[in-house]
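Chemist:
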Amino acid sequence: MLIDYHIHLKGRYQREFLDKYIENGVNKGIKEFCITEHVHRFKETIDIPNRIIKKFGDNENTNFMKEWWTERCTKTIDEYVNFIQGVKDEGYPVKLGCEMDFLDEPILKSIVKDYPWDFIIGSVHWIQGWGFDHLDREWTWQSRDIDLVYKKYFNLIKEAAKSGMFDVIGHFDVIKVFGYYPSGEWSSLVEETLEEIIQNKIGIEVNTAGWRKPIGEIYPGEKILKQCKKYGIHITLGSDAHKVEEVGYGFDRALMLLDKIGYRFLTIYDKRKDYQIPIEDKANGNI
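So the sequence shown is residues 558 to 844, counted in the numbering used here.
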């Protein structure tokens, strides 16, 4: 069975809009979709940038975060949850998900606890108020100590794994998005982080969006995926679609990679409980 467990509805919460996503996915053989709205779209989180500014200072990066976040903070959680639950009850092959930035903010813990999520992705997009993966802001990397950036990033991923808030870690090595790497070997950072993921019994997302980014690589990369397989870490598969045409993006390529590595199962979720499903032979039409 083929799934897409990372989809964003970058538009109105309407059946007609969702139908386009589902139709495109079904045409690619996808049988189950998890809609994973960004938490920054919810009005309930509007004060987070102000709290980040208080914590890390009033500077160009934190001010950008505030402007960027506030512009997108236009929906309520109830609007989203009611919409997805409604179409789910009607028989749509969807699950109620959320992609949540790992920020040490009480409101995020409340959001995890207070709503009937099927699945929650934990992601890191911000390091002390610096949005490191914005495609129009690569210039903000120029003055950075890359070794320190990687250390801070993976420390946040470890904390996310330990938090108990998430089912999987999203785009595990997205920090490589522009192709900047530490001066030395960074495998120890990865190893330590995978150990936290194992100990806390969560999974990792295989995210094909990296093939659409400057780095041109899947998240996580093949070497890390091999480590995940070796350690028995469960995986989901997601396109990180923000447009209709991105649903199921690169899945043929991803499935070939997973087969090469030896993954035979994907993980699906229902009410935060995980279930293993076989990755069947697409060549025979069984997906």
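Ideal placement from N, C-alpha and C gives every residue a C-beta, glycine not left out.
#1: Classify N584 as helix, strand or coil using the three-state DSSP reduction.
#2: Out of curiosity, what's the CA-to-CA distance linking K839 and D797?
#3: So what does G679 bridge to, in DSSP terms?
#4: Exposed or buried, which one is E594 when buried takes at least 16 other CB atoms within 10 Å?
#5: Under 8 Å: do the segment 663 to 670 and the segment 692 to 700 share three or more Cβ pairs, one atom per stretch?
#6: Any idea which residues DSSP pairs Q833 with across the strands?
#7: Suppose the cutoff is 8 Å on Cβ atoms and the five residues either side in sequence are ignored; what does the same chain contact list for K565 look like?
#8: Would you report the Cα separation of I759 and K623, rounded to the nearest angstrom?
#9: Report the residue ranges of all beta strand (DSSP E) runs contained in full by the segment 723 to 803; include only those spanning at least 3 residues, in chain order.
#10: Taking 8 Å as the cut-off, does the segment 631 to 646 touch the segment 560 to 580 (at least 3 CB pairs, one atom from each stretch)?
#11: Would you report the Cα separation of K733 and K632, rounded to the nearest angstrom?
#12: Should Y788 be labelled buried (16 or more other beta-carbon atoms within 10 Å of its own) or exposed?
#13: Less than 9 Å separating the beta-carbons of D724 and I678?
#14: Can you give the beta carbon distance from L653 to D675, rounded, assuming they're within the 8 Å contact cut?
#15: Cα separation between I772 and H728?
Modeler: On the basis of the coordinates in this document:
#1: In the structure shown, N584 adopts helical secondary structure according to DSSP, grouped into three states.
#2: For K839, the predicted model reports a pLDDT of 49, less than 50, meaning its position is unreliable and no value from the coordinates is stated.
#3: As computed with DSSP, G679 is found in a beta bridge with M657 and I726.
#4: Buried is the call here.
#5: Contact between the segment 663 to 670 and the segment 692 to 700 is absent, because fewer than three Cβ pairs lie under 8 Å.
#6: For Q833, which the question treats as bridged, DSSP gives the partners T824.
#7: Reading the sequence as shown, one finds His at residue 565 and not Lys. For H565, where only same-chain residues beyond five positions count, the Cβ hits under 8 Å are I592, T593, E594, H595, E656, D797, A798 and H799.
#8: Each residue's Cα considered, the two are about 31 Å apart.
#9: You should have 760 to 764 and 792 to 795.
#10: Touching, yes, given that three or more Cβ pairs across the two stretches are closer than 8 Å.
#11: Going from the Cα of K733 to the Cα of K632 covers about 31 Å.
#12: Exposed, by the Cβ-count rule.
#13: In this structure, I678 lies closer than 9 Å to D724 by Cβ.
#14: Rounded to the nearest angstrom, the Cβ distance from L653 to D675 is 5 Å, consistent with a contact under 8 Å.
#15: Taking the straight line joining both Cα atoms gives about 13 Å.
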